[in-house]
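Asker: Numbering (the working numbering), first residue to last: 3 to 224. Every residue, glycine too, gets a C-beta built ideally from N, C-alpha and C. Before I ask anything, let me first share the structure, which is written out below as structure tokens.
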């Protein structure tokens, strides 16, 4: 099990639905639980920007956790042993890259990254990502160059909880696009992740950065 101060993500053993956005997540969905045991998808839990590092390499896991402002342990119920077991860690991409640099020789780093990018390309529907990114640029013309693609790729991964995988997002609904942009701003342009890592509750942390998000949105919309 995770330690008391760790954020836990559970791989559901049965069909799950997010209690906040209402999205049907299906079987084996990745969810978090609120204090009153309500299920949240990764998007609603503000963890959708993290990437999965499977268990198995203790040094890489330790260093990735050290460099990641926000991380979460992934747990799955073992029916035979009747306990939750660690599957790996969700960490920030830059933290994983820095940890790889520290753990591996240059050639091994490149090979690992190529393998990860190959998986990422399979998970991404490139045409959909380009359409999503184009709509981000239309709605937020002040968005820094290239950021629309980063937002689209994070939002559209075939991964439980991503904003871009919802039915509304697939029709390029303006509100779904806006939610993806807000999620990106929250994690990249504010101190939100640091607040969560420092013990703030999700709602408390969101309130703390709300004004910062509004300022960035206003700038990007112009």
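Given a cut-off of 8 Å, decide if residue 63 and residue 91 are closer than it, judged by their beta-carbon atoms.
Answerer: Walking along the chain shown from the start, residue 91 turns up at place 89. Walking along the chain shown from the start, residue 63 turns up at place 61. Contact flag set, yes.
Asker: State the DSSP-derived secondary structure class of residue 1, mapped to helix, strand or coil.
Answerer: Because the chain in this structure spans residues 3 to 224, residue 1 falls outside the shown range and cannot be described.
Asker: Which of helix, strand or coil does DSSP assign to residue 83?
Answerer: As a working note, residue 83 is residue 81 in the chain shown. Here residue 83 sits in coil by DSSP.
Asker: Check whether the region 128–138 touches the region 199–209, counting contact only when three or more Cβ pairs, one atom from each stretch, lie closer than 8 Å.
Answerer: No: fewer than three Cβ pairs fall under 8 Å.
Asker: Can you give me the Cβ contacts of residue 47 inside the same chain, cut-off strictly under 6 Å, excluding the 5 residues immediately before and after it?
Answerer: Taking the first residue of the chain shown as position 1, residue 47 is located at position 45. Once the five neighbours on either side are set aside, the close Cβ partners of residue 47 are 34.
Asker: If I follow the unbroken beta strand (DSSP E) through residue 12, where does it start and stop?
Answerer: Against the chain shown, residue 12 aligns to sequence position 10. 9–13 is the span of the beta strand (DSSP E), which, as asked, contains residue 12.
Asker: For residue 135, write down the residues that DSSP places opposite it in a beta bridge.
Answerer: The sequence position of residue 135 within the chain shown is 133, counting from 1. In DSSP, residue 135 forms no bridge with anything.
Asker: Check whether the region 182–190 and the region 17–29 are in contact - that is, three or more C-beta pairs closer than 8 Å.
Answerer: Judged by Cβ distances under 8 Å, the region 182–190 makes no contact with the region 17–29, as fewer than three pairs qualify.
Asker: Please look up how many angstroms separate the CB atoms of residue 147 and residue 135, rounded, as I've assumed it's under 8 Å.
Answerer: Against the chain shown, residue 147 aligns to sequence position 145. Against the chain shown, residue 135 aligns to sequence position 133. With a Cβ gap of about 12 Å, residue 147 and residue 135 do not count as contacting.
Asker: How many whole angstroms separate the CB atoms of residue 100 and residue 51, which I take to be in contact at a CB cut-off of 8 Å?
Answerer: Against the chain shown, residue 100 aligns to sequence position 98. Against the chain shown, residue 51 aligns to sequence position 49. At roughly 16 Å, the Cβ-Cβ gap does not stay under 8 Å, so residue 100 and residue 51 are not in contact.
Asker: In three-state terms, what does DSSP make of residue 178?
Answerer: Here residue 178 is taken as the residue at index 176 of the chain shown, counted from 1. Helix at residue 178.
Asker: Can you say whether residue 6 is buried or exposed, counting buried as having 16 or more other CB atoms within 10 angstroms of its CB?
Answerer: For the purposes of this step, residue 6 is taken as the residue at position 4 of the chain shown. Any reading at residue 6 must be qualified, since the residue scores a pLDDT of 45, below 50, and its modelled position is unreliable; the value itself is stated next. When all chains shown are included, residue 6 counts as exposed.
Asker: Does the distance from the C-beta atom of residue 74 to that of residue 138 stay below 8 Å?
Answerer: Within the chain shown, the letter at position 72 stands for residue 74. Within the chain shown, the letter at position 136 stands for residue 138. Not in contact: residue 74 and residue 138 (Cβ atoms no closer than 8 Å).
Asker: Within 10 angstroms of the Cβ of residue 102, are there 16 or more other Cβ atoms? Answer buried if so, exposed if not.
Answerer: For this step, residue 102 is matched to residue 100 along the chain shown. By the neighbour-count rule (16 or more Cβ atoms within 10 Å), residue 102 is buried.
Asker: Excluding sequence positions up to five away, which residues of its chain have a Cβ less than 7 Å from the Cβ of residue 93?
Answerer: The residue you call residue 93 lines up with position 91 of the chain shown. Around residue 93: 52, 53, 55, 66, 67, 70, 73.
Asker: I think residue 20 touches residue 49, with their Cβ atoms under 8 Å apart; what is that distance to the nearest whole Å?
Answerer: Translated into positions along the chain shown, residue 20 becomes position 18. Translated into positions along the chain shown, residue 49 becomes position 47. With a Cβ gap of about 12 Å, residue 20 and residue 49 do not count as contacting.
Asker: Using 8 Å as the threshold, is the C-beta distance between residue 202 and residue 210 below it?
Answerer: In the chain shown, the residue the question calls residue 202 occupies position 200. In the chain shown, the residue the question calls residue 210 occupies position 208. Yes. Within cutoff.
Asker: Buried or exposed: residue 45, going by 16 or more other Cβ atoms within 10 Å of its Cβ?
Answerer: Position 43 of the chain shown, counted from the start, is the residue given in the question as residue 45. Residue 45 should be labelled buried.
Asker: Taking residue 26 as part of the beta strand (DSSP E), name the residues at either end of that continuous run.
Answerer: Translated into the one-based positions of the chain shown, residue 26 becomes position 24. Segment 26–28, the beta strand (DSSP E) holding residue 26.
Asker: What's the gap between the Cα of residue 163 and the Cα of residue 157?
Answerer: As a first step, residue 163 is located in the chain shown; it is residue number 161 there, counting from the start. As a first step, residue 157 is located in the chain shown; it is residue number 155 there, counting from the start. Since pLDDT at residue 163 reaches only 45, below the 50 mark, its modelled position is unreliable, and the value read off the structure follows with that caveat. Roughly 9 Å between the two C-alpha positions.
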